[in-house]
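Residue numbers (our numbering), protein chains in the order written: chain R, 1 to 126; chain G, 1001 to 1363.
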């Protein structure tokens, strides 16, 4: 799966698409592949205030429960409800239909703590 | 340091994700657990089970001796018959659950990988002065299983015995793709299928021949992840989960295998007393109402009070994609239809006690 070049990445394998004061968050292709078949996603509630790199939910595969971290702080403005019926979308299209939640950014400076595509690619190639 | 089975290089070549299990590096999945599960339910899957312990028992006294160590009957087994059996401790807890295969000249005992060392010591400590000899092939001999409704169809062109004519839980010696094998119509998935005991050195050629010949028929290499989902749907206990040194066969609902008419065996008094009292916590099936999977170790509640614990849990594609599990619960909470809750990350989620198995293959 080709790594989108326009996104920012965390070492915990989340991606963020920053668009002005908004960001869309998901997990990377590497993350979904490592987890295997995803069967359940527990997301933060709309309106919740979340802090960068803190636990905000879980992603469950057939075999394992994994914590979900947010790569950026902010207020949750929308969650991907379609994943209730189709959690496998995270496997199929982690950067598109498998997005997890959207944020109104709390601190745009935090993007400096995230990785660009090439740095993330190096991280996962290790 | 984990050991490797004879098929290790083949697993790596097929892109398997390898994990330590029972002292071996084993494939947990190749492509996807759900895809592999689907292959076994609708076509067939190929499993490497070479991590399981294989002990050969020989001598005139094997049956009488083994009957003193196990809850099910050994001496009444017919030649070429296979039978599920459980070794217990004196308190009735399960030491291991196993399968005996009676060949013409010897008995093959297959034990769980994680219990193989413990069982080898257990058997040797109780070996009579004469009449029984033991041989440990754990890690040498290979075991390949083909499981699924197309097993006979896919295997028959490779075998020199009539597979369709074989009875369930019987075995025979034969050749598969020219490789000498003990062919047993046994398995751990709830589907028809065969388990092939072969020499480790010949295992890769057999594995690869079957996969290559039936790639287009949908035969998939399957890992331990799919195997666990398949066995859970089929209501089969997994040692360490539904059976342990503390959880007895009676608690685990394996009373069908308990032969109280045998004169004496380890654990008989304890199991007899447990059955008599009928007050014990027991393994039940649970079907979750919602989408959150139940997992091993989660608390089971009834009206807010803890009445047990989840022992296995998974999404169950063959049970309407519901989340199912097993739980060890107090007797009063164990009746079919009882409404319970599973505590998951601080929230109580509704579950219903449901008779096992969750899944039965269509006849």
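The beta carbon of each residue, even a glycine, is placed where N, CA and C say it ideally should be.
Among the residues of its own chain, which have a CB less than 7 Å from the CB of residue i, if the five just before and after it don't count?
i: residue 1262 of chain G; result: 1067, 1073
i: residue 1015 of chain G; result: 1030
i: residue 1138 of chain G; result: 1053, 1054, 1116
Looking at the unbroken beta strand (DSSP E) that takes in residue i, where does it start and where does it end?
i: residue 81 of chain R; result: No beta strand (DSSP E) contains residue 81 of chain R, which DSSP labels as neither H nor E.
i: residue 102 of chain R; result: 101-105
i: residue 1340 of chain G; result: 1339-1344
i: residue 43 of chain R; result: Unbroken run through residue 43 of chain R: none, as it is neither H nor E.
i: residue 26 of chain R; result: 22-27
i: residue 17 of chain R; result: 14-19
i: residue 68 of chain R; result: 65-69
i: residue 1327 of chain G; result: 1322-1329
i: residue 1133 of chain G; result: 1133-1136
i: residue 1247 of chain G; result: Here residue 1247 of chain G belongs to no beta strand (DSSP E), and DSSP marks it neither H nor E.
i: residue 1113 of chain G; result: Note, residue 1113 of chain G: premise wrong, no beta strand (DSSP E); not H, not E.
i: residue 1287 of chain G; result: 1282-1288
i: residue 1018 of chain G; result: 1017-1021
i: residue 1254 of chain G; result: Premise fails: residue 1254 of chain G is in no beta strand (DSSP E) and is neither H nor E.
i: residue 1143 of chain G; result: 1142-1147
i: residue 1261 of chain G; result: From DSSP, residue 1261 of chain G is part of no beta strand (DSSP E); its letter is neither H nor E.
Hey, quick one: how far does the alpha helix (DSSP H) through residue i stretch, first residue to last?
i: residue 1225 of chain G; result: 1224-1233
i: residue 1274 of chain G; result: 1268-1277
i: residue 1313 of chain G; result: Here residue 1313 of chain G belongs to no alpha helix (DSSP H); instead the beta strand (DSSP E) covers 1305-1316.
i: residue 1158 of chain G; result: Taken as a continuous stretch (DSSP letters only), residue 1158 of chain G belongs to no alpha helix (DSSP H), as it is neither H nor E.
i: residue 1119 of chain G; result: 1116-1125
i: residue 125 of chain R; result: 117-125
i: residue 1010 of chain G; result: 1008-1013
i: residue 91 of chain R; result: 89-92
Quick one, which of the options has its alpha-carbon nearest residue i's?
i: residue 1361 of chain G; options: G:1311, G:1188, G:1144; result: G:1188
i: residue 1202 of chain G; options: G:1181, G:1220, G:1214, G:1222; result: G:1181
i: residue 89 of chain R; options: R:103, R:41, R:70; result: R:41
i: residue 61 of chain R; options: R:91, R:50, R:71, R:9; result: R:91
i: residue 1326 of chain G; options: G:1190, G:1311, G:1337; result: G:1311
i: residue 1121 of chain G; options: G:1106, G:1184, G:1055; result: G:1055
i: residue 1058 of chain G; options: G:1101, G:1084, G:1089, G:1085; result: G:1101
i: residue 1132 of chain G; options: G:1060, G:1051, G:1049, G:1242; result: G:1060
i: residue 1168 of chain G; options: G:1178, G:1193, G:1027, G:1160; result: G:1193
i: residue 1239 of chain G; options: G:1002, G:1005, G:1006, G:1021; result: G:1021
i: residue 1143 of chain G; options: G:1105, G:1277, G:1185; result: G:1185
i: residue 1009 of chain G; options: G:1108, G:1334, G:1124, G:1205; result: G:1205
i: residue 1145 of chain G; options: G:1012, G:1298, G:1220; result: G:1220
i: residue 1357 of chain G; options: G:1308, G:1287, G:1080, G:1350; result: G:1287
i: residue 82 of chain R; options: R:65, R:110, R:69, R:101; result: R:101
i: residue 1006 of chain G; options: G:1166, G:1025, G:1195; result: G:1025
i: residue 1222 of chain G; options: G:1113, G:1307, G:1038, G:1277; result: G:1038
i: residue 14 of chain R; options: R:104, R:98, R:85, R:106; result: R:98
i: residue 1128 of chain G; options: G:1183, G:1065, G:1107; result: G:1065
i: residue 1298 of chain G; options: G:1289, G:1309, G:1290; result: G:1309
i: residue 85 of chain R; options: G:1227, G:1322, G:1079, G:1335; result: G:1322
i: residue 1329 of chain G; options: G:1258, G:1242, G:1150; result: G:1242
i: residue 1109 of chain G; options: G:1332, G:1171, G:1336, G:1349; result: G:1171
i: residue 1162 of chain G; options: G:1216, G:1183, G:1081; result: G:1183
i: residue 1349 of chain G; options: G:1289, G:1355, G:1333, G:1334; result: G:1289
Excluding five sequence neighbours on each side, which residues of the same chain lie with their C-beta closer than 6 Å to the C-beta of residue i?
i: residue 1111 of chain G; result: 1053, 1096, 1098, 1119
i: residue 4 of chain R; result: 95
i: residue 32 of chain R; result: 90, 91, 94
i: residue 1085 of chain G; result: 1070, 1072, 1098, 1100
i: residue 16 of chain R; result: 8, 23, 25, 71, 72
i: residue 1314 of chain G; result: 1229, 1232
i: residue 1214 of chain G; result: 1154
i: residue 1246 of chain G; result: 1093
Considering only residues of the same chain and omitting the five flanking positions on each side of residue i, which have a CB-CB separation below 8 Å?
i: residue 37 of chain R; result: 61, 62, 88, 91
i: residue 46 of chain R; result: 76, 77, 78, 79
Indicate, with yes or no, if the ligand SAM has a heavy atom lying under 8 Å from the CB of residue i.
i: residue 1146 of chain G; result: As far as ligands go, the structure on display features none, and thus does not contain the ligand SAM.
Item to complete: Enumerate, from N- to C-terminal direction, the unbroken alpha helix (DSSP H) stretches of 4 or more residues contained entirely within the region 1173-1214 of chain G.
Response: 1203-1214
Worksheet item: Is the region 70-87 of chain R touching the region 41-56 of chain R in the sense that three or more CB pairs, one from each, lie closer than 8 Å?
Response: yes
Discussion item. Quick test of the definition: if touching needs 3 or more C-beta pairs under 8 Å, does the region 1069-1085 of chain G touch the region 1247-1263 of chain G?
Written reply: yes
Item to complete: For the region 1077-1103 of chain G, list the beta strand (DSSP E) runs that are entirely contained and at least 3 residues long, ordered along the chain.
Response: 1082-1088, 1094-1102
Fill in: Three or more C-beta pairs below 8 Å linking the region 1032-1041 of chain G and the region 1198-1210 of chain G
no
Discussion item. Using a Cβ distance threshold of 8 Å, determine whether the region 1310-1320 of chain G contacts the region 1224-1239 of chain G, with at least three qualifying pairs required.
Written reply: yes
Discussion item. Closer than 8 Å is the cut-off here; do at least three beta carbon pairs connect the region 1286-1303 of chain G with the region 43-50 of chain R?
Written reply: no
Item to complete: Pick out the complete alpha helix (DSSP H) segments inside the region 1024-1075 of chain G, 4 residues or longer, and give them in chain order.
Response: 1033-1042, 1062-1067
Discussion item. Taking contact to mean 3 or more Cβ pairs, one atom from each stretch, closer than 8 Å, check whether the region 1243-1260 of chain G and the region 1042-1052 of chain G are in contact.
Written reply: no
Worksheet item: Is the region 1282-1302 of chain G in contact with the region 1328-1348 of chain G, if contact means three or more CB pairs nearer than 8 Å?
Response: yes
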